[in-house]
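A.B. asks:
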Amino acid sequence: MQTNFSDTQLADPSMRRSNDILRSCVHCGFCTATCPTYKVLGDELDSPRGRIYLIKDMLENNKTPDEKTVKHIDRCLSCLSCMTTCPSGVHYMHLIDHARAYVEENYRRPWDERVLRWLLAQLLPYPSRFRWALRGAKLLRPFRRMVPDIRLGAMLEMAPDFIPRPSPNDRPQTIPAMGPRRKRVALLAGCAQRALNTDINDATIRLLSRHGCDVVIPKGVGCCGALTHHMGRTDDSHAMAAANIVALTREIEGAGIDAVVINTSGCGTTVKDYGHMFLNTPMADDAARVAALAKDITEVMTEIGGLQEAVFAEPLRVAYHAACSLQHGQQIRSQPKELLKSAGFEVLEPKDAHICCGSAGTYNLMQPEISKQLKSKKVTSIEVVRPDVISAGNIGCMMQIGSGTNLPVVHTAELLDWATGGPKPRALDRARG
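So in the working numbering, the last spot in the sequence shown is 1597, and the numbers never skip.
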């Protein structure tokens, strides 16, 4: 694609990066075949290729974003399926992130959207606040049909029936390895996940410890910044990411760590991109070092040779849901399935596994109508294979899919923990009870 940015514009690193990305696009349209919003809406402007044209026009001409452009940018899930499909290697993730930051800086949204976005940014990244908000939403959920704003109704529907208390594993500490130590790893405990499902971190710690890893819960580590980053709130997201980089660098330069383990794939995609986020800042080297150490839990388990004594779980039929941030964002596809198979489970792969479930961070709250359509398609494709349980590696996907089916939905780490001697996942017991 030909571009016409001025030298002054290209002096801005973000604009220069977007220019490089735009120039790599050859208009082939392969991305439209795998774009969830294009498949649902059928509008070229709701495809990556269409959004690229809109973004090019907006950035190249220093335009104040108009309502039409913002609408189509907002409708993007950032599922990154287009990046897997693209034969030209267009790094759409960095382009859409820049576009969102540009919109946030240059476009004044209607007051209700501003309030909603502010509310999400003030609640979701903070486990204590979010936990109280979930309790309030649970109380108000019976009245959700009386709420005129569909987005607020979606927030009420999000509240789970069971809201766990904080886990003892949330506080900074080091959990020693069982037996000879093979690795020393830091676990990114997350934010929203700590309020929604404490079993995931607990299972991850047991699994790693049982397989010879000292697990460090570092002091000062919080939200990875992904939730606000994808809303274009760069100052918020970079502040959160910077705090993590400082805390993790302290661990790296102290006793040392071999990996930063992440069990929420949406967070993993963002942390692995810290090097780019801080490329032209004084934190560049530390950010790149943290990003290089970031690994999904299934990557770490594969690196240490897989599961030991995986003989405890029942031989269930497991439908594996491939989270977009894992399969497209991090290009991790085979490791979770191979680990589940080695644990004795029958792994089922639903049709159109490459298509997003519609969760996408805060997308299911800000674009509930499109999100519900994608959820319905995903749940149907999963239920048709008749599984006993659904496995996923991302809390957002788990909540989204779980709200549309009676099948139990558990994290992959919970099943692997169970198979190697941990407790049976509570979701399985609740489902059968």
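Just so you know, even glycine gets a beta-carbon here, dropped at the ideal spot from N, CA and C.
Is it right to say C1561 is buried, meaning 16 or more other beta carbons lie within 10 angstroms of its own, or is it exposed?
C.D. replies: The residue in question, C1561, is buried, as its Cβ has 16 or more Cβ neighbours within 10 Å.
A.B. asks: Once the 5 residues before and after H1262 are set aside, which same chain residues still bring their CB inside 6 Å of it?
C.D. replies: So the list reads S1178 and S1182, once near-sequence residues are dropped.
A.B. asks: What three-state label does DSSP hand D1334 in the structure shown?
C.D. replies: Three-state result, D1334: helix.
A.B. asks: DSSP state of V1475, grouped into three classes?
C.D. replies: It is coil, neither helix nor strand.
A.B. asks: Would you decide whether G1214 is buried or exposed? Buried here means 16 or more other CB atoms lie within 10 Å of its CB.
C.D. replies: G1214 should be labelled buried.
A.B. asks: Tell me which residues share the same chain as V1349 and place their Cβ nearer than 8 Å to its Cβ, disregarding the 5 neighbours each side in the sequence.
C.D. replies: Counting only Cβ-Cβ distances below 8 Å, and skipping sequence neighbours, we find L1372, C1377, D1378, V1379, V1380, I1421, D1422, A1423, V1424, V1425 and V1464.
A.B. asks: Pull up the DSSP beta-bridge partners for S1555, would you.
C.D. replies: Y1484 and V1574, per the DSSP bridge assignment.
A.B. asks: From G1193, A1411 and S1401, pick the residue whose C-alpha is nearest to that of T1434; which is it?
C.D. replies: Out of G1193, A1411 and S1401, S1401 has the C-alpha closest to the C-alpha of T1434.
A.B. asks: Which value, in whole angstroms, describes the spacing of the CA atoms of A1507 and H1518?
C.D. replies: Using only the alpha carbons, I get a separation of about 24 Å.
A.B. asks: For W1582, which residues in the same chain have their Cβ closer than 7 Å to its Cβ, ignoring the five residues on either side in sequence?
C.D. replies: For W1582, where only same-chain residues beyond five positions count, the Cβ hits under 7 Å are F1476, A1477, K1588 and P1589.
A.B. asks: Name the DSSP beta bridge partners of A1603, please?
C.D. replies: In this structure the chain extends from 1165 to 1597, so residue 1603 is not present and cannot be described.
A.B. asks: Pick helix, strand or coil for R1348, following the three-state DSSP scheme.
C.D. replies: Correct three-state label for R1348: strand.
A.B. asks: Output the distance between the C-alpha atoms of H1393 and L1186, rounded to the nearest integer angstrom.
C.D. replies: The alpha-carbon atoms of H1393 and L1186 are separated by roughly 21 Å.
A.B. asks: Confirm the yes/no value for this check: CB of E1269, any heavy atom of the ligand SAM, distance under 6 Å.
C.D. replies: No copy of the ligand SAM occurs in the structure displayed, which carries no ligand at all.
A.B. asks: Along the chain, which unbroken stretches of the beta strand (DSSP E) at least 3 residues long are found entirely within the segment 1371 to 1431?
C.D. replies: Taking only runs of at least 3 residues, the beta strand (DSSP E) segments lying wholly in the segment 1371 to 1431 are 1377 to 1381 and 1423 to 1426.
A.B. asks: Note the first and the last residue of the continuous alpha helix (DSSP H) segment covering V1149.
C.D. replies: With the chain covering 1165 to 1597 only, the question about residue 1149 has no answer from this structure.
A.B. asks: Just curious, the alpha helix (DSSP H) that L1218 is in, first and last residue?
C.D. replies: Per DSSP, L1218 belongs to the alpha helix (DSSP H) from P1212 to E1224.
A.B. asks: What does the alpha-carbon distance come out to for the pair A1418 and T1338?
C.D. replies: Looking at the sequence provided, one finds Gly at residue 1418 rather than Ala. About 13 Å.
A.B. asks: Checking the sheet assignment: what are the DSSP bridge partners for I1339?
C.D. replies: V1379, per the DSSP bridge assignment.
A.B. asks: Would you kindly work out how many angstroms separate the C-alpha atoms of C1240 and H1492, rounded to a whole number?
C.D. replies: Straight-line Cα distance between these residues: approximately 15 Å.
A.B. asks: Could you give the DSSP three-state label for V1435: helix, strand or coil?
C.D. replies: Three-state DSSP puts V1435 in a helix.
A.B. asks: Check whether the Cβ atoms of P1500 and T1466 sit closer than 7 Å, and answer yes or no.
C.D. replies: No. Outside cutoff.
A.B. asks: Could you check which residue in P1551, M1563, N1558 and K1515 has the C-alpha nearest to that of K1542?
C.D. replies: Comparing Cα-Cα distances from K1542 to each of P1551, M1563, N1558 and K1515, the minimum goes to K1515.
A.B. asks: Measure how close the beta-carbons of V1511 and V1548 come, nearest whole angstrom, since I'm counting them as under 8 Å.
C.D. replies: That pair is no contact at about 16 Å.
A.B. asks: With a threshold of 6 Å on Cβ separation, who are the neighbours of N1408 within its own chain once the five nearest residues in sequence on each side are excluded?
C.D. replies: Here the set comprises V1385.
A.B. asks: Report back the beta-carbon spacing between Y1438 and A1455 to the nearest angstrom; my notes put them in contact at under 8 Å.
C.D. replies: Rounded, the Cβ-Cβ distance is 4 Å, consistent with contact.
A.B. asks: Does DSSP classify R1590 as helix, strand or coil?
C.D. replies: Correct three-state label for R1590: helix.
A.B. asks: Would you tell me roughly how many angstroms separate the C-alpha atoms of G1522 and P1336, rounded to the nearest one?
C.D. replies: Using only the alpha carbons, I get a separation of about 33 Å.
A.B. asks: Give the DSSP-derived three-state secondary structure of E1547 in the structure shown.
C.D. replies: Looking at E1547 - three-state DSSP - the assignment turns out to be helix.
A.B. asks: So which of A1323, A1367 and R1299 has the shortest CA-CA distance to P1332?
C.D. replies: Nearest of A1323, A1367 and R1299 to P1332, Cα basis: A1367.
A.B. asks: Out of curiosity, what's the CA-to-CA distance linking E1268 and I1565?
C.D. replies: Straight-line Cα distance between these residues: approximately 30 Å.
A.B. asks: Cβ atoms of T1576 and V1555: under 7 Å apart, would you say?
C.D. replies: The question names Val, but residue 1555 in the sequence shown is Ser. It is a contact, given that the beta carbons lie within the stated cut-off.
A.B. asks: What first and last residue would you give for the beta strand (DSSP E) that runs through L1298?
C.D. replies: Looking at the DSSP string, L1298 is not in any beta strand (DSSP E); the run it does join, the alpha helix (DSSP H), is P1291 to L1304.
A.B. asks: On the CB-based measure, 16 or more other CB atoms within 10 Å of its CB, does K1232 come out buried or exposed?
C.D. replies: Counting Cβ neighbours within 10 Å, K1232 comes out exposed, since fewer than 16 surround it.
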